[in-house]
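Visitor: Can you keep this structure in mind? I'll have questions shortly.
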Amino acid sequence: MSGFGNAVSDTLVLAQRSLKRIPRAPDLLLSFTVQPIMFVLLFAYVFGGAIATPGYDYIDFLMPGIIVQTMSFGGFVTALGLSEDLKKGLVDRFRSLPMSRGAVLAGRTLADIGTNSISVATMIVVGVIAGFSFDAPLAHIVAGIVLLLLFGYAFSWVFAFIGLSSSSPEASQSLGFIVIFPLTFVSSAFVPVESMPGALQAFAEVNPFTIVVDAMRALFLGAPAGNSIWGAFAWSIGIAAVFAFLAVTKYKRAVVR
Amino acid sequence: MRGIAASDLAIEAEGLRKSYKDVEALCGIDLSAPAGTVLALLGPNGAGKTTAVRILTTLLPPDGGSARVAGLDVVSEAAQLRSQIGLAGQYAAVDENLTGAENLEMVGRLYHLPKGEPRARAAELLERFDLSDAADRLVRTYSGGMRRRLDLAAALVARPPVLFLDEPTTGLDPRSRIGLWETIEGRVAEGTTVLLTTQYLDEADRLADSISVIDHGRVIAQGSSDELKDQVGGERLDITLESKDDAERAIAALEPIAAERPAMIDGLLRMPVRERKGAIAEAVRRLNEAGIGIDDVAMRRPTLDDVFLTLTGHALEPDEGEGADGEEAER
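Sequence order for the protein chains is A and B. For the first sequence, this note's numbering gives the first residue as 1, with consecutive numbering after it. For the second sequence, this note's numbering gives the first residue as 258, with consecutive numbering after it.
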């Protein structure tokens with residue numbers, strides 16, 4: 001087999017390994033299903049009545065935002081898994097095998113697309129039950145789902161980097177939370193940006209989360225898009241590229257100590 | 258890809274050096290193991306054993322020196338080399354959320370074995386390691402000994418000609434240890450070259466054709482178990498006298514049949530033996546003739562403990578905790 005063929009097959013073997021883990025660790029499965037459901041319901045029914053979203057029902061306004069937020073956290077499994085593999089010596093075993101160097105990271109991030117798909121599907125079903133309705137052609141909806149998974153994939157690389165940078169699986173989880181959580185809130189995900197104080201508003205307008213959420217509203221609800229759709233794809237690809245590079249560099253260094 | 262002929266060295270290292278920040282883990286060590294033999298690296302925690310293994314298995318580049326394994330350079334030909342080696346480390350490096358069978362199949366696929374082969378190999382190895390009943394159970398339900406066996410099985414999946422075992426029996430119960438030794442002996446009988454690190458003298462004594470004693474990053478002695486023991490001297494009689502006051506007379510009586518002048522050490526009269534055969538009877542006869550009372554007489558051969566003590570001036574006391582070689586000096 002060619003070098004490239006081997007790299008692809010190694011990545012698939014490791015992605016399969018990560019996916020097998022999901023049904024076997026039910027607590028992990030909860031974080032892809034119950035947790036997103038909980039967020040949709042809490043936001044829709046607790047905050048829904050208090051947040052004014054001119055032009056939209058709150059559930060319609062909320063769904064693109066909350067799915068984007070969920071996507072950005074889906075990669076925590078990668079951080080957790082890598083951190084564990086390093087600790088338990090599995091990374092040493094992989095590195096002593098005649099396998100592709102990048103497959104350990106690529107396999108994990110690829111598996112995240114699978115789990116993120118479960119989350120997206122779950123949330124859309126719950127959203128629709130809670131009153132969300134699409135207002136866009138099917139092609140746009142499909143494009144929107146592709147964008148969601150791409151954005152989630154980009155954040156898997158962010159988490160890969162975090163996982164390799166932190167001292168323990170627990171630390172990687174809280175580090176990810178501290179860095180990403182505020183970013184998702186200071187954006188157009190849950191409230192209209194115009195309702196924020198000046199400085200926050202200025203930040204929220206350039207926040208990639210805002211750009212991606214706005215793109216999702218355009219693709220799911222037919223909202224005016226401006227440049228946000230291209231911007232959203234560009235940000236996703238850019239984040240994936242930068243953090244893939246950082247993570248691979250870190251991986252090489254983390255294991256050659 | 259080059260194979261290895263029986264006469265070749267399967268492992269050869271010259272002047273390997275490695276430092277971590279200000280700690281010098283390896284200060285230029287030479288190692289060699291002919292194909293089909295077992296080389297043991299014997300030494301206390303932090304001696305540099307794990308560092309040597311990590312360099313030879315391509316996990317760590319050396320700061321200096323060179324090494325070839327299965328005829329391939331560990332730095333410039335690392336990629337080709339990885340298909341020729343198997344590694345079982347100090348920690349059971351298996352995935353807890355996969356079954357035993359899935360773990361071995363995964364490793365087989367990552368070695369790029371032909372289609373169908375990973376599954377067949379997994380079944381074969383589980384059988385051989387007495388894990389067939391647990392094949393479809395998740396590894397997180399395995400005992401420590403079962404994990405170690407699975408870890409070793411994973412190292413054997415691709416039938417690698419050279420096997421590296423880093424403290425394979427640390428933390429195992431005596432029964433599992435002996436089982437593992439038998440497995441290793443079985444591999445060697447089939448022509449595999451094994452490098453193992455150990456803190457246990459009996460392990461090196463039993464398994465190794467050749468032993469490199471390592472202390473503070475240097476090889477301080479090298480040879481077969483017998484050669485090392487000969488370095489500290491041959492066989493001797495340890496005689497306990499009824500009364501220590503007889504020591505001078507006893508030494509005088511025994512000197513004619515001793516290889517060297519006998520001496521009192523720690524209350525024992527120690528007599529280096531010239532000829533093993535009849536030595537006990539002759540010594541007892543001479544002491545009886547001189548009217549000296551004897552409590553006990555024993556023929557002793559030096560152990561590797563004596564070797565270690567003589568070479569380093571300190572005893573080798575294995576740490577019973579989780580293999581800590583890597584913890585202290587190397588992480």
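Each residue gets a CB set at the ideal place from its N, CA and C atoms; glycine is no exception.
(1) According to DSSP, simplified to helix, strand and coil, what is residue 275 (chain B)?
(2) Provide the residue span of the beta strand (DSSP E) that contains residue 281 (chain B), from first to last.
(3) Shorter than 9 Å from the beta carbon of residue 93 (chain A) to some beta carbon of chain B?
(4) Give the DSSP-derived three-state secondary structure of residue 417 (chain B) in the structure shown.
(5) Tell me, which residues are paired with residue 556 (chain B) by DSSP?
(6) Can you tell me whether DSSP reads residue 265 (chain A) as helix, strand or coil?
(7) What is the C-beta distance between residue 189 (chain A) and residue 213 (chain A), in whole angstroms, given that I count them as a contact (C-beta under 8 Å)?
(8) Does the beta carbon of residue 334 (chain B) come closer than 9 Å to any beta carbon on chain A?
(9) Going by the beta-carbon positions, is the gap between residue 123 (chain A) and residue 210 (chain A) smaller than 9 Å?
(10) Strictly by DSSP, which residues pair up with residue 299 (chain B)?
(11) For the segment 147-199 of chain A, list the alpha helix (DSSP H) runs that are entirely contained and at least 4 residues long, ordered along the chain.
(12) Within 10 angstroms of the Cβ of residue 469 (chain B), are there 16 or more other Cβ atoms? Answer buried if so, exposed if not.
(13) Can you pull the chain A neighbours of residue 339 (chain B), defined as C-beta to C-beta under 9 Å?
(14) Which of the three DSSP states, helix, strand or coil, is assigned to residue 331 (chain B)?
(15) Just to make sure I have the definition right: I need the residues of chain A whose C-beta is within less than 8 Å of the C-beta of residue 315 (chain B). Which are they?
(16) Does chain A have any CB closer than 9 Å to the CB of residue 508 (chain B)?
(17) By Cβ distance, which residues of its chain are closer than 6 Å to residue 18 (chain A), with the 5 residues on each side in sequence left out?
(18) CB-CB under 6 Å to residue 499 (chain B), same chain, minus the five flanking residues each way: which ones, in chain order?
(19) Contact check, residue 359 (chain B) vs residue 376 (chain B) under 8 Å by CB: the rounded distance?
(20) Smallest Cα separation from residue 281 (chain B): which of B:389, B:384, B:544 and B:306?
(21) With a 10 Å radius around its C-beta and 16 neighbouring C-beta atoms as the bar for buried, classify residue 45 (chain A) as buried or exposed.
(22) Look up residue 239 (chain A) in the DSSP assignment and say whether it is helix, strand or coil.
(23) Since residue 268 (chain A) meets chain B, which of its residues come closer than 7 Å, beta carbon to beta carbon?
(24) Relative to the C-alpha of residue 544 (chain B), which candidate in B:510, B:467 and B:455 has its C-alpha closest?
(25) If you check the beta carbons only, do residue 300 (chain B) and residue 471 (chain B) fall under 9 Å apart?
(26) How is the beta strand (DSSP E) around residue 666 (chain B) delimited, first residue to last?
(27) Tell me residue 527 (chain B)'s beta-bridge partners as DSSP assigns them.
(28) Mind checking residue 3 (chain A): buried by the 16 CB within 10 Å criterion, or exposed?
(29) Cα-Cα, which of B:435, B:454 and B:539 is closest to residue 302 (chain B)?
(30) Could you name the residues of chain A that residue 354 (chain B) contacts, counting a contact when the two beta carbons are closer than 8 Å?
(31) Could you give the residue range of the beta strand (DSSP E) that holds residue 343 (chain B)?
(32) Taking CB distances under 9 Å as the criterion, tell me whether residue 17 (chain A) reaches chain B.
(33) Relative to the C-alpha of residue 304 (chain B), which candidate in B:474, B:322 and B:538 has its C-alpha closest?
(34) Can you tell me the Cβ-Cβ gap for residue 402 (chain B) and residue 370 (chain B), rounded? I've got them flagged as a contact below 8 Å.
(35) Who are the neighbours of residue 342 (chain B) on chain A, taking C-beta pairs under 8 Å?
(36) Does residue 239 (chain A) pass the burial test, meaning 16 or more other C-beta atoms within 10 Å, or should it be called exposed?
Guide: Let me lay it out:
(1) Three-state result, residue 275 (chain B): strand.
(2) Its beta strand (DSSP E) spans residues 280-291.
(3) For residue 93 (chain A), the closest Cβ of chain B is nearer than 9 Å.
(4) The DSSP-derived three-state label of residue 417 (chain B) is coil.
(5) Answer is B:494, bridged to residue 556 (chain B).
(6) Residue 265 (chain A) lies beyond the residue range present for chain A, which begins at 1 and ends at 257; the question has no answer from this structure.
(7) Sure, about 5 Å apart at Cβ, within 8 Å.
(8) Interface residue (Cβ-Cβ distance to chain A less than 9 Å): residue 334 (chain B) is not classified as such.
(9) No, the Cβ-Cβ distance between residue 123 (chain A) and residue 210 (chain A) is not below 9 Å.
(10) DSSP, once it has assigned bridges, lists B:455 and B:470 as partnering residue 299 (chain B).
(11) Here the runs fully enclosed are 169-185.
(12) Counting Cβ neighbours within 10 Å, residue 469 (chain B) comes out buried, since at least 16 surround it.
(13) Those within 9 Å of residue 339 (chain B) in chain A are 95, 96, 97, 98 and 99.
(14) Residue 331 (chain B): coil per DSSP, three-state reduction.
(15) Against residue 315 (chain B), the close residues of chain A are 95 and 96, in the order they occur along the chain (beta-carbon pairs closer than 8 Å).
(16) Not closer than 9 Å to any Cβ of chain A, the Cβ of residue 508 (chain B) fails to qualify, so no.
(17) So the qualifying residues of the chain are 108 and 111.
(18) Correct list, in chain order: 550 and 552.
(19) That pair is no contact at about 10 Å.
(20) For residue 281 (chain B), the nearest C-alpha among the options comes from B:306.
(21) Of the other Cβ atoms in all chains shown, fewer than 16 fall within 10 Å of the Cβ of residue 45 (chain A); this residue is therefore exposed.
(22) For residue 239 (chain A), the secondary structure class from DSSP, reduced to helix, strand or coil, is helix.
(23) Chain A is shown from 1 up to 257; residue 268 (chain A) falls before or after that span and cannot be answered.
(24) Ranked by Cα distance from residue 544 (chain B), the options B:510, B:467 and B:455 are led by B:510.
(25) Cβ atoms of residue 300 (chain B) and residue 471 (chain B): closer than 9 Å.
(26) Because chain B in this structure spans residues 258 to 588, residue 666 (chain B) falls outside the shown range and cannot be described.
(27) DSSP, once it has assigned bridges, lists B:495 and B:520 as partnering residue 527 (chain B).
(28) When all chains shown are included, residue 3 (chain A) counts as exposed.
(29) Nearest in C-alpha terms to residue 302 (chain B), of all of B:435, B:454 and B:539, is B:454.
(30) Think of a sphere of 8 Å around the beta carbon of residue 354 (chain B): the chain A residues whose beta carbon falls inside it are 20, 21, 24 and 25, in chain order.
(31) Element bounds for residue 343 (chain B): 342-345.
(32) Under the 9 Å criterion on CB atoms, residue 17 (chain A) is classed as interfacial with respect to chain B.
(33) Looking at the Cα atoms, B:474 is the closest of the given residues.
(34) About 27 Å separates the beta carbons of residue 402 (chain B) and residue 370 (chain B), which is beyond the 8 Å limit, so they are not a contact pair.
(35) Result: 96.
(36) With 16 or more other Cβ atoms within 10 Å, it is buried.
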